[in-house]
């Protein structure tokens with residue numbers, strides 16, 4: 003009698019829904035690669051499992067549609083979409099509802115509401131456009147990641163399913179006698195055109211290219227071409243099939259370790275897993291591929307069966323569990339994939355498979371229910387009814403403003419009352435308040451509330467209260483203070499300089515300054531080349547910096563303030579690291595300070611704010627303020643040292659802001675009742691305004707009387 007291992011690894015002739023064991027094995031390989039990449043960060047190219055799925059989808063759907071057309075002489079749209087709904091929607095709805103519920107329990111209301119919006123986009127299979135529009139970086143290792151981000155690939159497939167049947171019907175109607183040839187020609191044109199477009203788009207806008215249906219259509223098109231070439235593929239000699247199949251499998255495995263998240267993905271690097279998958283499919287067309295045991299064994303077949311449920315469940319589990327366990331810990335590394343696997347098995351056997359096999363949505367499904375069929379119809383109704391009710395309840399709760407517990411101490415406002423005779427310097431006063439905030443055990447009632455934070459609200463506040471990015475065309479709109487002021491000040495830099503603008507305006511108020519804001523998102527004041535936050539090139543930054551310095555030369559301001567993010571060094575176009583990276587940054591700082599030397603009566607370099615905890619993710623139910631305390635990064639210290647050294651060498655002033663945000667290296671996420679940052683980096687409009695007296699003290703010395711020194 004064969005052993006358990008032998009039975010488990012014995013080849014299958016048919017498995018799951020596809021009718022081909024090798025396809026189930028490819029599904030298993032793809033979903034396990036994606037799961038491993040998301041849970042453990044290994045293999046580095048595990049994300050290409052999605053590309054394998056795209057090829058399989060194009061192959062299977064096209065094959066089904068063409069077979070139906072050949073068999074019945076027509077394609078039934080209703081039957082096709084009934085099958086798609088039964089196959090995809092119930093399991094997806096369950097995961098969406100469960101994720102909404104879990105997010106409302108784990109996250110602050112603001113983030114829970116954002117995830118609910120993500121779920122709406124996911125339900126309508128439009129996640130890819132949604133995440134591209136909000137600038138999501140799929141490969142980001144920091145920041146906020148939606149637990150529903152993985153729905154983007156399902157959206158791409160469903161958009162394909164919406165368009166592709168119609169194209170097939172129209173092509174067949176136009177070319178009745180040579181319909182297969184016409185379909186092959188059409189698919190070839192679409193595939194090659196999409197690949198060419200993706201090559202261009204990947205280099206110019208990688209975020210959009212990653213999520214875009216147009217950029218991914220060629221991957222589905224490769225699978226569709228294989229389906230259309232089935233008669234020819236069946237003629238492949240048996241002696242060639244093992245070589246082709248193993249070559250394809252090895253190519254997929256190689257892509258898991260050689261394809262990275264750097265430039266060139268999805269085009270051209272996705273071609274490796276795509277063409278390798280095509281090789282496996284071609285080798286198995288007309289053959290069971292008994293020699294390809296890694297894909298055709300029973301274990302792979304079962305994982306392939308549950309691959310859709312496993313894909314749906316794995317990412318919410320990975321993201322939500324990270325709020326309770328430290329990613330990278332043994333407990334997390336074991337529990338994340340294990341929990342996802344258990345949920346997938348339950349979801350597959352209790353919901354996905356019974357409904358897929360049912361007659362739900364068929365014209366006679368009500369009759370089937372009356373005849374006593376129970377597995378899917380009633381089960382579907384129960385699951386969807388419960389999920390809908392629970393989701394609606396949680397959404398209602400999540401949309402309500404969530405108040406914070408009162409603080410244990412009554413903290414004084416940042417600026418003493420007008421009649422206060424306190425002679426305490428503002429910096430010392432702020433330091434005491436930071437100490438108080440670090441000692442709190444409960445969150446105060448924050449203003450703005452956690453729901454009002456997030457990077458989108460940062461830019462909205464900048465626009466609402468003044469200016470965000472400034473262009474030559476709207477520079478006149480971004481000037482503040484009396485038009486006939488005796489003095490001129492300029493603020494020059496990136497979004498961190500934007501964030502300091504309320505502090506600058508408060509510090510200079512009443513001192514006779516006209517303030518010119520020259521800031522551009524993602525564009526450092528320092529003269530080095532960097533990429534945008536989405537990884538694309540930023541050629542306009544050099545032109546902007548040249549324009550800004552020219553404007554400073556024309557203005558000859560009394561005060562020039564420069565501020566730039568400490569994180570820009572991580573996105574140098576050169577990709578330099580270590581000593582080379584530091585040298586490039588220092589050269590950039592020096593070049594800008596050289597360029598502006600002598601253009602202003604006084605030049606001040608303002609250190610970037612050290613990062614704090616991100617309140618949108620750390621201030622969840624039951625959280626303590628200590629969980630939102632940030633630690634200053636080595637990047638910040640390195641940037642400060644470089645900027646301070648260059649400012650000193652140029653005879654400029656350098657304002658070290660560490661004590662404005664932190665006690666030592668510990669930086670609270672709020673001071674008093676004011677959140678420090680919108681998302682851990684960009685300081686809030688309110689906190690920046692409250693820093694005005696501290697900045698004024700640093701620029702002009704201790705305030706005297708009511709007005710202080712004029713400068």
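Numbering (this note's numbering), first residue to last: 3 to 713.
Backbone N, C-alpha and C define an ideal beta-carbon position, used for all residues, glycine too.
Quick caveat, the model's predicted, so the values are computed rather than measured.
Reduced DSSP category for residue i - H, G, I as helix; E, B as strand; rest coil
i, result
"residue 669", "strand"
"residue 153", "helix"
"residue 698", "helix"
"residue 547", "helix"
"residue 606", "strand"
"residue 177", "coil"
"residue 268", "coil"
"residue 130", "helix"
"residue 217", "helix"
"residue 116", "helix"
"residue 335", "helix"
"residue 683", "coil"
"residue 533", "strand"
"residue 1", "Outside the displayed span of the chain (3 to 713) sits residue 1, for which this structure offers no information."
"residue 565", "strand"
"residue 448", "coil"
"residue 327", "coil"
"residue 387", "Summary for residue 387: the model assigns pLDDT 48, below 50, so the residue's position carries little reliability; its value from the coordinates is reported in the next sentence. Helix at residue 387."
"residue 455", "coil"
"residue 539", "strand"
"residue 348", "helix"
"residue 169", "helix"
"residue 574", "strand"
Run of the alpha helix (DSSP H) containing residue i, from where it starts to where it stops
i, result
"residue 495", "No alpha helix (DSSP H) holds residue 495; the beta strand (DSSP E) holding it covers 489-495."
"residue 657", "Looking at the DSSP string, residue 657 is not in any alpha helix (DSSP H); the run it does join, the beta strand (DSSP E), is 655-657."
"residue 442", "Per DSSP, residue 442 belongs to no alpha helix (DSSP H) and is neither H nor E."
"residue 582", "580-598"
"residue 279", "273-286"
"residue 298", "295-298"
Enclosing beta strand (DSSP E) for residue i [first to last residue]
i, result
"residue 1", "Examination of residue 1 is not possible in this model, given that the chain is present from 3 through 713 alone."
"residue 516", "515-521"
"residue 478", "It is not in any beta strand (DSSP E) - residue 478 carries neither H nor E in the DSSP assignment."
"residue 320", "Where residue 320 is concerned, there is no enclosing beta strand (DSSP E), although the alpha helix (DSSP H) it sits in stretches over 309-323."
Cβ distance (whole Å) where residue i is taken to contact residue j below 8 Å
i, j, result
"residue 260", "residue 47", "7 Å"
"residue 520", "residue 550", "4 Å"
"residue 315", "residue 97", "6 Å"
"residue 196", "residue 223", "6 Å"
"residue 460", "residue 203", "About 28 Å; that fails the 8 Å criterion."
"residue 36", "residue 313", "7 Å"
Rounded straight-line distance, which links the Cα of residue j to that of residue i
i, j, result
"residue 238", "residue 285", "8 Å"
"residue 30", "residue 592", "54 Å"
"residue 523", "residue 55", "37 Å"
"residue 155", "residue 331", "29 Å"
"residue 613", "residue 695", "21 Å"
"residue 43", "residue 212", "19 Å"
"residue 113", "residue 163", "32 Å"
"residue 153", "residue 438", "43 Å"
"residue 168", "residue 469", "47 Å"
"residue 351", "residue 679", "46 Å"
"residue 343", "residue 534", "37 Å"
"residue 109", "residue 670", "19 Å"
"residue 594", "residue 347", "59 Å"
"residue 229", "residue 71", "13 Å"
"residue 456", "residue 619", "10 Å"
"residue 721", "residue 622", "Residue 721 falls outside the range modelled here, since the chain spans only 3 to 713, and no answer is possible."
"residue 476", "residue 319", "46 Å"
"residue 579", "residue 429", "35 Å"
"residue 371", "residue 100", "Low confidence applies here, because residue 371 scores a pLDDT of 48, under 50, leaving its location unreliable; read the following figure in that light. Whole-angstrom Cα-Cα distance: 27 Å."
"residue 2", "residue 441", "Because the chain here runs from 3 to 713, residue 2 falls outside it and cannot be looked at."
"residue 559", "residue 617", "38 Å"
"residue 701", "residue 491", "12 Å"
"residue 538", "residue 210", "10 Å"
"residue 566", "residue 546", "14 Å"
"residue 85", "residue 365", "13 Å"
Any C-beta of chain D under 8 Å from that of residue i
i, result
"residue 193", "This model lacks chain D altogether, as it is built from one protein chain only."
Item checked: Complete alpha helix (DSSP H) runs within the region 612-636 (minimum length 4 residues, chain order) -> 617-620
Item checked: Whole alpha helix (DSSP H) elements within the region 219-254, 4-residue minimum -> 232-235
Next item on the list: Please list the segments of the alpha helix (DSSP H) lying wholly inside the region 9-71, counting only runs of 4 or more residues, in order along the chain.
Entry: 23-42
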